Structure formats: structure tokens, C-alpha cells
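Asker: In my numbering, the protein residues as written are 437 to 686.
For every residue, glycine included, the Cβ atom is placed at its ideal position computed from N, Cα and C.
Values in this document were obtained by computation on a predicted structure and should not be read as measured data.
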């Protein structure tokens, strides 16, 4: 189905019937692997929200591959049978996606090749969440260990996020070459991942490679122009200017 036509149908309140994940497995897997960009929109309207759509949104965002964008959206109809979501551009709608297991199963079924286990995706996501807690508590060594364990699981999706997170942790640990390597691993998986590009710039800056740091920051800005006004981006630019000035001072 044409995506623009489907958007028009959604705005008029007409939606396609929900389809079981496994029934369309082979057809959708072939389509997803050929597509450059896919999108999943999760209903965040009141009925689906009560049925757990925010958890579904969080899980899908955490385990999706780089070419799949996950966003909230308005009502998709079929209220009471949710949480509901739609996979674009073809407009296939799924209902009853209220658990993390169901969300991971959907990602693996639609987008992965044979042999990937949804549970591995969830295990890696759980390790990354534990690492976030350790990082917030400034237990950087433990956070790095947990992220390394998540990477070793080799889950289907979310690897670009995990490499980015470990890059940031390694910066805090002073392992600048390791941080750069992780940022570049993330970018190899997701070339337009702005946060990973920022981590790459941070690693270059820590290594006193100022021209490369500037290039990374500018590329990140090109990918996501809205970061121009963020405090973190302004702080990076200020630090780069200060280091450049110090390097040019006789």
C-alpha cells in the first residue's frame, strides 16, 4: 500500500485489520531487509497507554535495528485491542503488543534473519539498562563491564546504541582510543546516528585531534540541527575553542 495513501486513511479513521506476526513472517522479512528505512509508530492514546504502550515504545526503541525508527503516534483504531502499532511504509497494523517479549518478537520476526532469538535482544537491553544505573552512580567500570556483556550477546538490534553507550563510559574512564573505537563501531552500524557522531568528536577532542573533533561535531549538527541550541553541544564547542586557543598560544 502506498504510504501517502495509508496516511490519508489513518487521518480519516480507517485502518487495516491487525495481522498476526508469524502469519506474515517470510513476506515481511524480505521486504524489511530490502528497505533502507522503516518506521514503527506506537499508539500513545489513552486506551493503548493504559495497556502498556509506553513500555512497548521503550522496548522497541531499545531493540530496533538502525534502519527502523520508532515513534509514538495518535489513535490507530481498534481501541481495547492494544497496544496497537503500525509498521510503515506498508501500513501493517499489529495489536496486543503490551509486553516486552511481544515487542522483541515482533522486531526479530519482521526484520531479522533466521537464527536470532528475541530473548537475546531483551537480555542485552536489560544489561544496558543496568549499565545506565551504574553510570548514573558513577560506577563507570561496572557500567563498562555490563555493556561489554551486552555486546558479547550479539543481539539483532540495539547494538549501535550499546556501542555508543560504552564509548561514553570509556571516555569517563580515560580510555580515549577505546571510546573512539566504540563510536566508530556504532557509526559503522548507523552512519547517521548523531549521538555516536558526538561521541566520536568527544574522543577526538580528548586525543587532541581538534580538526577531526570539529568535523565530527559539524557532521552531528548536520544530521540533527536541533542540537545547536542544546547545552551539551554548546559546552562541547566551548571546550573545543578553549583547547584550540591553548594549543595556538606560544
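Note down the Cα distance separating residue 571 from residue 605, rounded to an integer number of angstroms.
Answerer: Taking the straight line from one Cα to the other gives about 7 angstroms.
Asker: Mind checking whether residue 631 and residue 600 have CB atoms under 8 angstroms apart?
Answerer: Contact flag set, yes.
Asker: Quick check on residue 497: buried or exposed, where buried means 16 or more other Cβ atoms within 10 Å of its Cβ?
Answerer: Buried, since its Cβ has 16 or more Cβ neighbours within 10 Å.
Asker: Closest to residue 659 by C-alpha separation, out of 647, 645, 633, 669, would be which residue?
Answerer: Checking every option, the nearest Cα to that of residue 659 belongs to 633.
Asker: Looking at the ligand PLP, does it come within less than 7 angstroms of residue 475, judged from the CB to the closest heavy atom?
Answerer: As for the ligand PLP, it is missing from this structure, which has no ligand bound.
Asker: Once you ignore the five residues that flank residue 585 on each side, which residues in its own chain have a CB closer than 7 angstroms to its CB?
Answerer: The answer, listed in chain order, is 563.
Asker: Express the C-alpha separation of residue 611 and residue 673 in angstroms, rounding to a whole number.
Answerer: Straight-line Cα distance between these residues: approximately 21 angstroms.
Asker: Quick one: which unbroken alpha helix (DSSP H) runs of 4-plus residues sit fully inside the stretch 494-571? Chain order, please.
Answerer: Listed in chain order, the complete alpha helix (DSSP H) runs (minimum 4 residues) inside the stretch 494-571 are 536-547.
Asker: To the nearest angstrom, how far is the alpha carbon of residue 503 from that of residue 521?
Answerer: Those two C-alpha atoms are separated by around 17 angstroms.
Asker: By the DSSP assignment, the alpha helix (DSSP H) with residue 602 in it spans what residues?
Answerer: Residues 595-609.
Asker: Can you say whether residue 510 is buried or exposed, counting buried as having 16 or more other CB atoms within 10 angstroms of its CB?
Answerer: Residue 510 is exposed by the Cβ-count criterion.
Asker: Roughly how far, in whole angstroms, is the beta-carbon of residue 578 from the beta-carbon of residue 534, given that I think they are within contact range, below 8 angstroms?
Answerer: That belief does not hold up - the Cβ atoms of residue 578 and residue 534 are roughly 32 angstroms apart, past 8 angstroms.
Asker: For residue 574, does the three-state DSSP call read helix, strand or coil?
Answerer: Three-state DSSP puts residue 574 in coil, outside helix and strand.
Asker: Give me the Cα-Cα distance between residue 492 and residue 657, rounded to the nearest whole angstrom.
Answerer: If you take the alpha carbons of residue 492 and residue 657, they lie about 29 angstroms apart.
Asker: Smallest Cα separation from residue 675: which of 642, 559, 666?
Answerer: Ranking the options by Cα distance to residue 675, first place goes to 642.
Asker: Using the Cα positions of residue 567 and residue 575, report the straight-line distance between them to the nearest angstrom.
Answerer: Rounded to the nearest angstrom, the two C-alpha atoms are 9 angstroms apart.
Asker: From the DSSP output, in three-state form, read off residue 473 for me.
Answerer: Coil at residue 473, not helix or strand.
Asker: State the start and end residues of the unbroken alpha helix (DSSP H) segment that holds residue 653.
Answerer: Start and end: 646-659.
Asker: If you compare alpha carbons, which of 518, 483, 495, 517 is closest to residue 507?
Answerer: It is 495 whose Cα lies nearest to the Cα of residue 507.
Asker: Determine the contact status of residue 625 and residue 595, defining contact as a CB-CB distance below 8 angstroms.
Answerer: Yes, these two residues count as a Cβ contact at 8 angstroms.
Asker: The alpha helix (DSSP H) that contains residue 636, what's its start and end?
Answerer: Taken as a continuous stretch (DSSP letters only), the alpha helix (DSSP H) holding residue 636 covers 630-642.
Asker: Is it true that the CB of residue 483 sits closer than 8 angstroms to the CB of residue 416?
Answerer: Past the edges of the chain, shown from 437 to 686, lies residue 416, and the structure says nothing about it.
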